[in-house]
Every structure is written in structure tokens, then in C-alpha cells.
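Take the sequence shown: its position 151, counting from 1, is numbered 146 in the working numbering, and each next residue is one higher.
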Amino acid sequence: MRTDPTDNGGLFVGRRPGTRPVRYRSLPEPGSPARRRFDGALAGGILAVMTIVNLSFWGPIPLAGLWFGSRVQYWTDSPGAGILAAFLSILTALMLGLVVLKQLDHAWILVRRAAGHDQRSGVIGRIFVVTCAIGATVFGIWLLVFSGTELAPVGIRF
């Protein structure tokens, strides 16, 4: 028999440690309908800010990093220093952007829960996929139509 102390050395005759059933507190009282509407609108605003921050990964952050790298190259008269400065500034800005996105994602979850939705996971992954699709499409259009490149197989110049 498994409850016999000789089977388990006399330890933990009952349940194994850490396997007690989880007990949750009672559900909080929902806010007024006006408050829930306000929280829903605030969640939409946070979602819009997350989208803007994510879209900035595709344009403003790399352009600012390249501009800073060109300034460093001008000041030091060293292309290597300019490239290093551009790379490090872009990498730093992207990492800081991800930190901001993660904080906004946590805030979005809390505001959605305050609005009365059973929100357990964030939306950062879906936002990232959508903005990657938008960024890749816009970049492809720019590359093929506006950059002045020639299409090698066809030989057409835009």
C-alpha cells in the first residue's frame, strides 16, 4: 500500500509537497458600465501605441541609427567608428523598444481585465506579426517602385 510509511521512508504520508489544490480569491466586483467602457477605450489606446512602437522598428529607428552613425563618422573621420556607432545605436534602440512593448503589453492585459474581459495572455506576438507584414510590404513596394533599382530578370527600370 502506498500510504505505508515503510514504502516512502516515513515521509509525506499524505499528498506530495506543493500539490495542494489552488484556491483563488473571490472575483472582484465589476465596475460600472461607464468605467468598463473607459477601460476598453484605454486598452484600445494602449494597443495603438504598441502598434506605433512596433512600426517604428521598420523605419524611424534604423534611420535614426544610420543618421547617428553618419554623424560619428563625420566627427571621427573613421567609417569603422560610424558603422559601429550605427549598429550599436540601432541595437540599443530596438532592445529598449522591446522593453517598452513588454511593459505596454502587461498594462494592456490589466486594463482589458479591468474592462471586464477574461484576458490571460498578451497581444504582443500578434501585433509583431501584423506590423512585420505591413513593414515588409511597404519596404517591398519602396524597393521595387521608388528606389530606382532595376529588376534583373525583366530589365525594367522604374
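Heads up, the beta-carbon is just placed ideally off N, CA and C, and yes, glycines get one too. Nothing here was measured: the structure is a model prediction, and the numbers come from that model.
Nearest in C-alpha terms to Asn49, of all of Ala110, Thr126 and Gly64, is Thr126. In this structure, the alpha-carbon of Tyr69 lies about 54 Å from that of Asp113.
Within 10 angstroms of the beta-carbon of Val106 lie 16 or more other beta-carbons, which makes it buried.
In the structure shown, the three-state DSSP call for Gln98 is helix. Separation of Pro57 and Gly130 (C-alpha to C-alpha, rounded to the nearest whole angstrom) is 13 Å. By a beta-carbon distance limit of 8 Å, Gly54 does not contact Ser65. Their separation comes to about 17 Å. A residue is called buried once 16 or more other Cβ atoms fall within 10 Å of its Cβ, and Asp72, having fewer, is exposed. Counting C-beta atoms within 10 angstroms of its own C-beta, Ile85 has 16 or more neighbours from the protein chains shown and is therefore classed as buried.
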